[in-house]
Every structure is written in C-alpha cells, then in structure tokens.
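Scroll down for the structure; my scribbles are underneath it.
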DNA sequence: TATTGTTATACTCTATAACTATA
DNA sequence: TATAGTTATAGAGTATAACAATA
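Here it is as structure tokens:
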C-alpha cells in the first residue's frame with residue numbers, strides 16, 4: 001500500500017495502447033520476412049523448446065488450437081517447422097524448428113530488437129532494465 | 001546501447017500478453033457496473049476533459065469513429081454523458097460527463113485499481129513506480 | 001470413453017463506403 | 001466543397017461445435 005496518489009491511466013489501457021503500437025511497429029518487419037504475427041509467435045516458442053502437441057503450443061501462446069492449424073500448415077509447407085506424428089502415440093504431432101525456421105526467426109528477431117531499441121532508448125538504462133524485468137515477471141507469474 | 005545480452009520475450013508479446021490478462025481482470029468489474037470496455041474508455045477520457053467532437057474522442061482512445069456511435073447512444077440513454085449540438089456549429093456534438101457518469105466512473109475505477117494492486121504488489125515499491133512511469137511515458141510519447 | 005487433431009460454421013469485432021446535415 | 005455525424009455493408013479475426021483417428 002503506497003500512500004501516493006496515483007494519477008495515471010488504467011493499467012490495461014496503457015498496456016494495450018503500447019502493445020498495439022509495438023505490434024504495428026513489428027508488422028512491416030514480419031511482412032518483409034513474409035510471416036504472420038502468429039507464425040512468428042510459433043517460431044519463437046519452438047525455438048525455446050520443441051513441443052509434443054499442438055494443443056500445448058496453442059496454450060503457451062494464448063491462442064485457440066483451431067486457429068493455429070492454418071498457421072502450422074503454412075510454416076510446414078515452407079519448410080520452417082517439423083511436424084511429424086509421434087510413433088509412440090500417433091494422435092500427437094511432434095513439433096520443432098527446422099534450420100531454415102531457426103534462421104528466419106533469428107533474422108526477424110534481430111530486426112525487431114533494433115526497432116524496440118528506438119522506443120526503449122527513451123528510458124535511462126536503469127529504468128529500462130527495471131521496466132523490462134517487471135514486465136516479464138508480471139506476465140509470466142500471472143497471465 | 002547496453003552491452004548486456006537480452007534474453008527475454010519480444011516487447012510486443014509481453015505487452016499484449018499482460019494487457020489481455022488485465023482486460024480479463026477488468027471485465028467482471030465493468031460487467032458488474034453494466035458497462036463495456038469502450039464505454040469505460042469514453043468515460044475515462046471525458047472525465048479528464050470534455051470534448052468538442054466525437055471524431056476527436058475516437059482518436060484519443062484509438063477507436064474508429066463509427067464504432068463509437070452505439071457506445072455513445074447507450075451512455076447517453078443511461079444518462080451518463082451529455083451530448084448536445086454546439087449552437088455555434090450544429091454539426092458537432094459537445095460531449096461531457098453527467099454527475100451520474102462521473103460517479104459510475106469513479107466507482108468502477110476504484111475497484112479496478114484494487115484489482116491492479118493485487119498484480120502490482122508483486123513488485124517492490126520502487127520497481128512498481130518505475131514500471132508505471134515508464135509504461136505511461138512510452139505510451140504517451142510514441143503511440 | 002477420452003484425447004489429438006481437423007474441418008465447418010457461426011459469431012463478434014472492426015473497417016469501408018455511402019448518406020444526411022450543416023458550414 | 002468540405003466536415004461532423006450516422007447508417008449499412010462487408011471483411012477479418014475468433015470461437016464453437018461437430019467430426020475422424022487413435023488410445
């Protein structure tokens with residue numbers, strides 16, 4: 001309980017406003033690599049760890065499993081992901097990045113980080129670190 | 001340019017994830033007051049300053065002017081906003097809160113701040129202040 | 001019977017364009 | 001002719017439910 005008066009917009013409003021702005025900033029970069037926002041999100045998750053089911057993948061990026069299917073179809077067709085039935089349980093699809101998928105993700109992320117820096121450089125280095133750490137912590141522990 | 005390796009999710013992903021979560025947290029509160037997210041956004045803007053046109057109001061909350069109209073119809077019908085033609089230029093609608101609108105906004109916002117505190121209390125007080133200030137600054141200066 | 005993945009459908013949200021009225 | 005507001009329509013994005021394959 002801080003005794004200070006908090007004269008600021010609501011948290012959801014600030015997050016969604018800045019979030020929409022950053023999505024708009026990312027859009028041209030992703031388009032240059034011919035990949036959608038959901039496609040990029042899939043590559044990001046699979047880079048950190050392969051997944052055993054599409055349902056788990058969908059949950060981890062906050063998407064419905066049904067709307068991931070066209071995305072996975074496209075990524076597979078372009079040779080960016082592997083997606084093969086598990087011999088031990090042929091209902092599930094083992095998911096992972098191909099080298100091409102890894103390379104594309106790396107290239108796109110590098111450009112995205114440069115675009116983010118333009119925004120984040122408005123903050124002093126210490127505030128920037130605190131901001132990013134807080135944002136990551138709140139997102140992972142609650143959402 | 002910080003020389004540190006930045007092993008974190010992309011900024012847009014973190015913002016949208018936490019933003020969606022906070023919207024979900026707000027939803028039951030707004031529903032209890034029988035008001036939509038856009039309706040609440042309108043009340044918030046008008047509390048800070050009356051507006052001279054609906055187009056300006058739409059722009060200030062990042063919405064299309066056409067999708068604001070049913071929202072304004074509803075708010076007006078419930079006596080939460082005033083919306084009268086400007087005698088000096090009868091094309092424009094002068095917009096402002098009624099006392100009832102101001103009271104409803106205040107009540108809802110109080111509950112929303114309490115819900116936000118549950119999340120924000122995970123941060124040390126200093127980090128919390130830095131986080132909120134940074135978020136507000138980045139949102140207003142760029143988006 | 002339960003679970004994974006898929007397809008088809010319906011629904012919500014949003015943007016586009018056309019219209020009215022004022023200036 | 002230009003602008004504010006409104007209406008109608010179409011499009012994108014998303015979720016719901018039914019289905020097929022496997023356990």
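Protein chains in written order, with full-length UniProt numbering: chain A, 1 to 143; chain B, 1 to 143. No residue lacks a Cβ here, since even glycine has one placed at the ideal position from N, Cα and C. Bear in mind that the values here come from a model prediction, so they are computed numbers and not experimental data.
Any Cβ of chain A within less than 9 Å of the Cβ of residue i?
{"i": "residue 139 of chain B", "result": "yes"}
{"i": "residue 166 of chain B", "result": "As shown, chain B starts at 1 and ends at 143. That puts residue 166 of chain B outside it, with no answer to give."}
{"i": "residue 54 of chain B", "result": "no"}
{"i": "residue 119 of chain B", "result": "yes"}
{"i": "residue 62 of chain B", "result": "yes"}
{"i": "residue 98 of chain B", "result": "no"}
{"i": "residue 123 of chain B", "result": "yes"}
{"i": "residue 152 of chain B", "result": "One cannot answer for residue 152 of chain B here, as it falls past the ends of chain B, which runs 1 to 143."}
{"i": "residue 132 of chain B", "result": "yes"}
{"i": "residue 15 of chain B", "result": "yes"}
{"i": "residue 128 of chain B", "result": "yes"}
Please confirm if residue i has its CB atom under 9 Å from at least one CB of chain B.
{"i": "residue 112 of chain A", "result": "yes"}
{"i": "residue 49 of chain A", "result": "no"}
{"i": "residue 136 of chain A", "result": "yes"}
{"i": "residue 2 of chain A", "result": "Residue placement at residue 2 of chain A is poorly supported in this model, since its pLDDT is 47, which falls under 50; the coordinates are not used for a value here."}
{"i": "residue 109 of chain A", "result": "yes"}
{"i": "residue 102 of chain A", "result": "no"}
{"i": "residue 74 of chain A", "result": "no"}
{"i": "residue 78 of chain A", "result": "no"}
{"i": "residue 8 of chain A", "result": "yes"}
Could you tell me if residue i is buried or exposed, where buried requires 16 or more neighbouring beta carbons within 10 angstroms of its beta carbon?
{"i": "residue 19 of chain B", "result": "buried"}
{"i": "residue 71 of chain B", "result": "buried"}
{"i": "residue 130 of chain B", "result": "buried"}
{"i": "residue 10 of chain A", "result": "buried"}
{"i": "residue 139 of chain B", "result": "buried"}
{"i": "residue 101 of chain A", "result": "buried"}
{"i": "residue 217 of chain A", "result": "The first residue shown for chain A is 1 and the last is 143, placing residue 217 of chain A beyond what the model contains."}
{"i": "residue 93 of chain B", "result": "buried"}
{"i": "residue 2 of chain B", "result": "Confidence at residue 2 of chain B is low in this model, with a pLDDT of 46, below 50, so its placement is unreliable and the value that follows should be read with caution. Residue 2 of chain B should be labelled exposed."}
{"i": "residue 134 of chain B", "result": "buried"}
{"i": "residue 62 of chain A", "result": "exposed"}
{"i": "residue 6 of chain B", "result": "exposed"}
{"i": "residue 17 of chain B", "result": "buried"}
{"i": "residue 118 of chain B", "result": "exposed"}
{"i": "residue 69 of chain A", "result": "exposed"}
{"i": "residue 128 of chain B", "result": "buried"}
{"i": "residue 150 of chain A", "result": "The requested residue 150 of chain A does not occur in the structure, where chain A is confined to residues 1 to 143."}
At 4 residues or longer, what runs of the alpha helix (DSSP H) sit wholly inside the UniProt domain "HTH marR-type" (8-140) of chain A? 11-32, 37-48, 54-60, 69-77, 99-120
With 8 Å as the C-beta to C-beta threshold (strictly closer), list the residues of the stretch 18-40 of chain B near chain A in chain order. 18, 19, 20, 21, 22, 23, 25, 26
Using a Cβ-Cβ cutoff of 8 Å, what residues of the stretch 80-94 of chain B are near chain A? List them in chain order. none
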